[in-house]
Amino acid sequence: MATEKETKKIDSRIPEGPVAEKWTNYKAHQRLVNPKNKLKLDVIVVGTGLAGASAAASLGEMGFNVLNFCIQDSPRRAHSIAAQGGINAAKNYQNDGDSVYRLFYDTVKGGDYRAREANVYRLAEVSNNIIDQCVAQGVPFAREYGGMLANRSFGGAQVSRTFYAKGQTGQQLLLGAYSSLSAQVQAGKVKLFTRYEMEDVVIVDGRARGIIAKNLVTGKLERFSANAVVIATGGYGNAYFLSTNAMGCNCTAAVQCYRKGAYMANPSYVQIHPTCIPVHGDKQSKLTLMSESLRNDGRIWVPKKLEDAKKLQEGTLQGWEIPEEDRDYYLERRYPAFGNLVPRDVASRAAKERCDKGFGVNNTGLAVFLDFSESINRLGLDAMKQRYGNLFDMYEEITDVYPGDLANEINGVKYYKPMMIYPAIHYTMGGVWVDYELQTSIPGLFAIGECNFSDHGANRLGASALMQGLADGYFVLPYTIQNYLADQAIWPRISTDLPEFEAAEKAVDDELTRLLNIKGKRSVDSIHKELGHIMWEYVGMGRTAEGLKTGIQKMKELQKEFDTNLFVPGSKEGLNVELDKAIHLRDFFTMGELVAHDALSRNESCGGHFREEYQTEEGEAKRDDENYFYVGCWEYQGADKDPELIKEPLEYEAIKVQTRNYKN
Ligand SMILES: Cc1cc2nc3c(=O)[nH]c(=O)nc-3n(C[C@H](O)[C@H](O)[C@H](O)COP(=O)(O)OP(=O)(O)OC[C@H]3O[C@@H](n4cnc5c(N)ncnc54)[C@H](O)[C@@H]3O)c2cc1C
5 MATEKETKKI
15 DSRIPEGPVA
25 EKWTNYKAHQ
35 RLVNPKNKLK
45 LDVIVVGTGL
55 AGASAAASLG
65 EMGFNVLNFC
75 IQDSPRRAHS
85 IAAQGGINAA
95 KNYQNDGDSV
105 YRLFYDTVKG
115 GDYRAREANV
125 YRLAEVSNNI
135 IDQCVAQGVP
145 FAREYGGMLA
155 NRSFGGAQVS
165 RTFYAKGQTG
175 QQLLLGAYSS
185 LSAQVQAGKV
195 KLFTRYEMED
205 VVIVDGRARG
215 IIAKNLVTGK
225 LERFSANAVV
235 IATGGYGNAY
245 FLSTNAMGCN
255 CTAAVQCYRK
265 GAYMANPSYV
275 QIHPTCIPVH
285 GDKQSKLTLM
295 SESLRNDGRI
305 WVPKKLEDAK
315 KLQEGTLQGW
325 EIPEEDRDYY
335 LERRYPAFGN
345 LVPRDVASRA
355 AKERCDKGFG
365 VNNTGLAVFL
375 DFSESINRLG
385 LDAMKQRYGN
395 LFDMYEEITD
405 VYPGDLANEI
415 NGVKYYKPMM
425 IYPAIHYTMG
435 GVWVDYELQT
445 SIPGLFAIGE
455 CNFSDHGANR
465 LGASALMQGL
475 ADGYFVLPYT
485 IQNYLADQAI
495 WPRISTDLPE
505 FEAAEKAVDD
515 ELTRLLNIKG
525 KRSVDSIHKE
535 LGHIMWEYVG
545 MGRTAEGLKT
555 GIQKMKELQK
565 EFDTNLFVPG
575 SKEGLNVELD
585 KAIHLRDFFT
595 MGELVAHDAL
605 SRNESCGGHF
615 REEYQTEEGE
625 AKRDDENYFY
635 VGCWEYQGAD
645 KDPELIKEPL
655 EYEAIKVQTR
665 NYKN
């Protein structure tokens with residue numbers, strides 16, 4: 005079992021002073037790179053999602069030479085385009101009492117008091133700059149009739165602070181970032197490498213000095229050197245096989261950095277999103293999110309009577325045949341103050357609780373209703389279409405049910421067809437450990453966006469991932485990386501002929517050969533699916549010490565199967581998608597075990613990490629601040645050894661740590 009390393013100390017480099025002044029002070033005293041030296045400095049940015057594209061564009065504009073990599077054929081295809089609902093900012097356009105402090109407070113509380121206070125305050129501060137930046141780029145945010153930018157509400161907040169572009173916010177923001185990136189490509193400051201996958205980070209004299217990347221079209225391995233490396237490679241949700249993430253999402257870059265010495269922080273903090281289209285068969289390889297924004301107008305319910313639920317499961321009764329008085333709007337009942345807009349972890353657990361008790365509404369018993377009848381009756385279908393048109397269409401395309409179709413009228417009340425939803429893996433709050441400067445435990449290696457652990461604690465509030473990714477890329481990293489680069493101009497360009505590059509490339513090549521030579525009988529997907537089942541069953545929404553130990557054991561056995569019975573067709577040369585997937589799966593195993601180790605070591609429930617042994621009588625998460633008020637950082641010890649835990653204690657000065665309350 006994993007061990008703890010109490011002796012090692014972590015320096016998170018949080019500046020001195022009150023939380024509200026730390027970022028201003030940091031900027032005031034920061035070492036900047038002399039403009040002439042910027043021309044001599046190269047920075048590798050891996051990833052072109054919102055975090056990577058914004059960072060690459062900003063660094064290019066500042067004068068650095070940027071090498072920007074992605075696995076897709078265009079930066080515009082990064083997973084970030086999937087983001088639907090919106091992006092938070094403390095603009096207070098609605099004049100409903102919002103402020104930087106309030107966004108900061110909501111985010112820390114939403115994260116169940118497991119985030120780093122200083123980082124979150126900075127995030128809330130720069131949130132407003134992001135909106136200005138994106139509007140200047142031409143991002144078509146929704147507007148009120150009078151021209152002001154419109155807002156809606158997301159979970160865990162009682163103000164309206166989410167900026168959106170229909171249900172396509174991520175796509176529109178990415179187009180904005182992409183236009184800035186393209187301008188820098190045109191100016192010669194950013195060189196794009198599409199269809200390239202980072203396979204390893206190269207460390208020279210203890211510093212990150214480059215990467216080994218595979219040209220995914222030719223299969224050739226190539227070496228790239230730079231003065232600093234930034235990874236912006238997204239989350240590890242696909243370790244669970246079924247998730248709302250894009251199929252290509254993987255954690256290979258992050259896990260390779262971990263193997264080279266970067267700590268992985270809080271891996272057990274995985275977000276399970278309450279409003280996804282339920283699993284409908286075992287041939288599925290992807291789940292679809294229905295944006296949280298729908299909870300602004302949709303009401304979540306299951307029948308009050310078990311006999312009604314049974315009939316729904318048998319298909320002899322339809323949701324719209326159940327009258328108002330027989331519906332249990334359980335979130336509104338349990339959490340009157342926040343109702344349907346409780347944070348995701350709370351809403352997901354409440355859905356599971358109802359379904360576990362037999363109230364599920366589809367044939368598998370694993371679904372609840374999301375119903376727009378009340379809003380359509382009050383505001384009209386057109387208003388709903390304006391807000392969520394593309395989400396309604398998407399739901400219809402997948403399920404053949406249009407949520408705006410009138411289905412029944414009981415006692416003068418019109419009932420429309422509801423959506424069916426169930427929780428699914430969606431986002432990973434854990435990730436590569438970074439200090440206040442977004443630097444990992446390897447000097448010269450930075451991590452931004454979803455792939456780091458930085459700002460969301462044990463649970464991320466809706467519309468905060470885009471905020472964090474763009475904060476990191478546009479406004480934080482461009483400052484903090486200079487503190488590191490300020491010294492770097494004295495170094496001559498690092499040659500990729502150094503033995504460290506040679507050794508790293510050879511190790512990657514050997515690994516590709518090993519995977520191709522296993523020549524077993526099982527496809528990558530069949531093993532990945534089995535890993536996903538283990539993860540969901542033992543390391544999913546409800547965890548126990550016993551289950552986690554079983555999960556780790558089962559993962560180890562399955563990994564043996566992977567190492568001895570995998571079949572990868574084709575060769576190293578040219579395009580080989582199966583080979584690429586095999587590498588990703590190798591790393592999902594490492595990540596999966598880390599999630600389980602972290603979950604096992606954390607004998608408490610907090611946010612997305614729910615240990616069934618630690619809950620209140622009402623089934624709420626029970627934290628243990630006395631023993632677990634820290635960031636859990638894991639250090640790699642070798643392929644056959646369990647990782648070691650190092651703790652970064654959390655320090656709060658502005659916010660009183662208390663039990664989360666969404667009831668009143
Ligand atoms: C369906 C869905 C809806 C969402 N809606 C919202 C929302 O409304 N609001 C919100 O705030 N958040 C939302 N999120 C979360 C948010 O979209 C993501 O957290 C965020 O976009 C991640 O951005 P990123 O730049 O960190 O990573 P990604 O967008 O995942 O980009 C990763 C980049 O890294 C590259 N890459 C990965 N591995 C390698 C490698 N080894 N070598 C080279 N390149 C590599 C990829 O090519 C890609 O360019 C949603 C998520 C999903 C799944």
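Counting from 1, position 77 in the sequence shown corresponds to residue 81 in our numbering; the numbering is continuous, with no gaps. All C-beta atoms, glycine included, are put in the ideal place defined by N, C-alpha and C.
The Cβ neighbour count for LYS667, taken over all protein chains shown within 10 Å, is under 16; the residue is labelled exposed. Counting along the chain, no alpha helix (DSSP H) covers ASN69; the unbroken beta strand (DSSP E) around it starts and ends at 69 to 74.
The straight-line gap separating the alpha-carbon atoms of ILE650 and TRP638 is approximately 6 Å. According to the DSSP secondary-structure assignment, TRP638 is paired through a beta bridge with MET268 and LEU649.
Boundaries of the alpha helix (DSSP H) around ASP397: 385 to 403. A residue is called buried once 16 or more other Cβ atoms fall within 10 Å of its Cβ, and VAL436 is buried on that count. With a 10 Å radius around the Cβ and a threshold of 16 neighbouring Cβ atoms, PRO271 comes out buried.
DSSP, reduced to helix, strand and coil, places GLN176 within a helical segment of the structure shown.
Straight-line spacing of the CA atoms in MET423 and LEU395 works out to 11 Å. Annotation: the continuous beta strand (DSSP E) that includes PRO307 extends over 303 to 307. In this structure, ALA603 places its C-beta atom within 8 Å of the C-beta atom of ARG547.
With contacts defined by Cβ atoms closer than 8 Å, ASN72 and PHE228 do not form a contacting pair. Contact check between the region 396 to 407 and the region 303 to 320: fewer than three CB pairs, one atom from each, fall below 8 Å, which does not count as touching. Residue burial annotation: GLU550 is exposed, with fewer than 16 other C-beta atoms found within 10 angstroms of its C-beta. In its chain, beyond the 5 residues on either side, VAL208 have a beta carbon closer than 7 Å to the beta carbon of LEU502. At least one heavy atom of ligand 1 is found less than 7 Å from the C-beta of GLU201. Judged by their CB atoms, GLY223 and ASN580 are nearer to each other than the 8 Å cut-off.
Distance check between GLN141 and each of SER186, ARG165 and VAL112 places SER186 closest, using alpha-carbon atoms only. DSSP places GLY171 outside both helix and strand once states are collapsed to three, so it counts as coil.
Between the C-alpha atoms of GLU129 and VAL104 there is a straight-line separation of about 6 Å. Between LEU153 and ALA475, the C-beta gap is not smaller than 8 Å, which leaves the two residues out of contact. A distance of 8 Å or more separates the beta carbons of SER352 and MET539. Taking 8 Å as the cut-off, the Cβ atoms of MET559 and TYR240 do not count as close. Per the Cβ contact rule, the region 478 to 494 is in contact with the region 35 to 49 (3 or more Cβ pairs under 8 Å). In terms of side-chain proximity, the C-beta atom of GLY64 is found no nearer than 7 Å to any non-hydrogen atom of ligand 1. If you draw a straight line from the Cα of THR500 to the Cα of VAL512, it is about 15 Å long. If you draw a straight line from the Cα of GLY21 to the Cα of ASP110, it is about 22 Å long.
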